[in-house]
Each structure stands twice: as C-alpha cells, then as structure tokens.
Amino acid sequence: MRRNGLWLAAVGGALATLLTACGTGGAGAGKSLTFVSYGKGAYQDGQEKGFLRPFEKSADATVRIDGPSDNAKLRAMVDAGRVTWDVMDTDAFLPREFCGKLVEPIDVGDLKGAFPPGTLSECGVPTAFFGLLFMYNERTYGDKPPTKLADFFDRKAFPGKRVVFGKDPAIGVLEAALLADGIPKDRLYPMDVDRALGVYDRVRSDLTFAQTYGQQQQLMVDDQADLTLVVSARAYSVLQAGGTQWKPVWDTVPVSWDALVIPKGSPNKQLGEQLIRFASQPKQAAAFAQVSGAGPANVTAEPQLNDLQQQVNAFDKKHADKLVYNDADWWAKNHSAVVDRWSKWQIG
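Residues -21 to -1, 1 to 327, numbered by mature numbering (1 follows the signal peptide of the UniProt record, and there is no 0), are exactly what the sequence shown covers, in order.
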C-alpha cells in the first residue's frame, strides 16, 4: 500500500535504470503479463491470493509480479517507448490527471455500476478502499474515551501524544481536520488547506509525523502514542501485532482508494483489461479484502472477516453514512502543491 509521491525529481534516475535493463523476463510460453504492486506484505499477498493466482488458472495465463509501484518509472517507460508493465496499482488521482497520456482507457464492461459513485474513472478502476480511522489508546483514556473526530484536536479534554502519517496527506488527514472543524461533507472541496493546517496547529506540539506506515504501527503497538489517525488496513495490522489496546471512534471517516491502471503502450492491454475485470468481480474483491484488510472495491462483495478485521472495518454497512470519499479530481489537480505545502508546514 502506497504512496508513490511525486515523480518529477526522480524521472531522470528511473529512466536511466530502465534503459539499462534487458527486459522483465518471462515465465514461459503462452499468455503472460506483468502486474505491478507495492512489494511483499499483507496487501500484495491479498492480491496474489484474491485475484492474481486465480486469474492465471481462469485465463490460462502467467502473471509476473514486479514492483514497487512507482510513478516515476511509469513515466520513464512511457516517455522512452519501452513499456514492460501491463497492470499497475497506484493512487486514484494519477489516472484522472494522466488519462491517455501515461495510462490507457479501460473497458470494464458491465461492471460500471459495481463501484461507489464517483470512484471509477475512464483510465482507473478502483481496487481497494482505505478509511482513515480516529483511534485512541484505551490504556490512556480508560472509561472516558474520545467520542468524536473533533476530540483528536482537543488538547485540553484529551491530552496526549498524537501520531499521523506525515508523507502524503491524500489519505484524508486534511479532510479529517476540516470535518472535525465543522465543514459539512458536501462542502469539503475545493479544500481550504490553510484552514486544515490551522486545525493541526492546535495540537502541533503533541504531533509525531510517521514517515512510514510501519513506523506509525510500531508507535501504536509500543504505547508511544495516545491518539492517531490511521488507515483502516494498517489499523488491522496494529491489532494483529498485539496492539489491541487501540479502539476506533466511529465518527466521520475520510476515504481514499487505489486504482488499477494500464500503462500507455502496454504490450498486453487486452489481457490487462481482462485481469482488471476479473479482479473486480465480487468473489475476487472479497477474497482480496479478507487477506489485505483493505475495503473491497466492488460494492456487492461480502468478505468474511475475522474478529480483529471486523473491529476496524470502516466499510461495514452500518458505517456507510459515516464515509466521506475524497474528491480524486480535485486531488489530481492539486496533489503536488498540497504535498509541498504539507511538507513545508511540518518543518516550518
């Protein structure tokens, strides 16, 4: 799971690496394609078990897994005309900003109505959803826990150390601040970034900015934090690692997602579309969610979750009215500037 960040500074290095490669290799005769994800872990394991290996049997094809998913390398491949990737897992806004330029239009057939409204785009098919959960350490607050998102930003009522993911705010951290500050769901965009940062200023002296999801998880498990905003899939990993002292607050939940794309110039576009349609079926989406802890993209999927997963399942139907999906079109236009603003605010 994510994030690639900006590619502009990295294009030169990625292109140099690409042009010195001899190719991706193959796994034998017959149909084959290369699928690009984020590297070993629960997320990629879910992809393998949920739809990649089943697709091999269904389509009598071979799927090679490459990674990590990297927007800089994608651009270098396309610019060089040497595309060796066929399907790539990436953020939701890349296919909206670069549809027809870096990624191809995708025919999803009769699956157009299978995804939450506004999440499917011409060049990107939703594959996994992530709710940004407000969680608290039960050992800190006992029988007087926080009950609403605004409590994360209330140092007086809830003193304690807070941790958020510091790299890419597109997972919902800015939306969370605005929602907590009283902005209605339907008026989040265009986002008032300065106001969101002002909300974080209220707790800045208590904030730790985790540079990786792994660091955030470890801080939680080791009781080095009292309150957090954490993506739901990582929240499950925290519970798996023994951090069962962490409990969710079921208030408003910002939602982001990843999309499957086909790089422009893929040598196996038709087979890539076939894989994406297969992965988007209810059975495969459910199987992926069961292993990865991410929310299934297909709205009719019914993953069979274990007790720990269910504790942090933002996509349970009973929480549907709490979900606020991000505006991927707005992020496509503003991502670079907002990441820069977020990064400078942290150090300034």
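All C-beta atoms, glycine included, are put in the ideal place defined by N, C-alpha and C. Remember, predicted model here, so these are calculated numbers, not experimental data.
- Sequence-distant partners of Lys164 (beyond 5 residues in either direction) whose C-beta falls short of 6 Å from its own C-beta, in its chain, are Val303.
- The beta carbons of Gly79 and Cys102 sit closer together than 8 Å.
- Taking C-beta atoms as the reference points, Asp24 and Asp237 fail to come closer than 8 Å.
- For the 8 Å CB-CB criterion, Val57 and Gly244 form a contact.
- Under the three-state reduction of DSSP, Asn50 is assigned to helix.
- No Cβ-Cβ contact shorter than 8 Å links Ala212 with Thr106.
- By the Cβ rule, the segment 63 to 77 counts as touching the segment 7 to 17, because three or more pairs are nearer than 8 Å.
- Considered as a whole, the segment 177 to 208 harbours 192 to 200 as its complete alpha helix (DSSP H) runs of no fewer than 4 residues, in chain order.
- Short of 6 Å from the beta carbon of Pro47, and not among the five residues preceding or following it, lie these beta carbons of its own chain, in chain order: Tyr17, Gly18.
- Exposure of Ile326 is indicated by the presence of fewer than 16 other C-beta atoms within 10 angstroms of its C-beta.
- Around the beta carbon of Asp147, a 10 Å sphere encloses 16 or more other beta carbons of the protein chains shown; the residue is thus reported as buried.
- Sequence-distant Cβ neighbours of Asp86 in its own chain, meaning closer than 6 Å and more than five residues away, are Glu252.
- Residue pairing by DSSP places Lys226 opposite Tyr115 in a beta bridge.
- Apart from the 5 residues on each side of it in sequence, Glu27 sits with its Cβ closer than 8 Å to the Cβ of Ile44 in its chain, given in chain order.
- The beta-carbon separation of Pro125 and Val278, rounded to 30 Å, does not stay under the 8 Å limit for a contact.
- For Tyr304, the uninterrupted beta strand (DSSP E) segment begins and ends at 302 to 304.
- Using a 10 angstroms sphere on the CB of Ala316, the tally of other CB atoms stays under 16, which defines it as exposed.
- When the beta-carbon positions are compared, Gly145 and Phe188 come within less than 8 Å of each other.
- In its chain, beyond the 5 residues on either side, Phe34, Val66 have a beta carbon closer than 6 Å to the beta carbon of Leu254.
- Annotation: the continuous beta strand (DSSP E) that includes Lys10 extends over 10 to 15.
- Short of 7 Å from the beta carbon of Gln190, and not among the five residues preceding or following it, lie these beta carbons of its own chain, in chain order: Gly145, Lys146.
- Burial is judged here by how many other beta carbons sit within 10 angstroms of a residue's own beta carbon; Asp295 has fewer than 16 and is exposed.
- By the Cβ neighbour-count rule, Arg174 is exposed, with fewer than 16 other Cβ atoms within 10 Å of its own.
- Residue environment analysis places Ala51 among the buried positions, since at least 16 neighbouring C-beta atoms fall within 10 angstroms of its C-beta.
- When Glu83, Gln224, Val82, Gly97 are compared, the shortest CA-CA separation from Trp309 is found for Gly97.
- Here Asn285 is exposed, its C-beta having fewer than 16 other C-beta atoms within 10 Å.
- For Gly20, the closest of Ser37, Ala273, Asp319 by C-alpha to C-alpha distance is Ala273.
- Between the C-alpha atoms of Thr231 and Val172 there is a straight-line separation of about 19 Å.
- Per DSSP, Leu239 lies in no alpha helix (DSSP H) segment; the continuous beta strand (DSSP E) that holds it begins and ends at 232 to 240.
- The three-state reading of DSSP puts Ile326 in helix, counting H, G and I together.
- Inter-residue distance for Phe257 and Thr41 is about 14 Å (C-alpha atoms, whole angstroms).
- With a contact defined as Cβ atoms closer than 8 Å, Val182 and Met199 miss out at about 17 Å.
- By the 16-neighbour rule on beta-carbons within 10 angstroms, Thr223 is exposed.
- Rounded to the nearest angstrom, the Cβ distance from Lys140 to Ala204 is 5 Å, consistent with a contact under 8 Å.
- Cys78 is bridged by DSSP to Val82.
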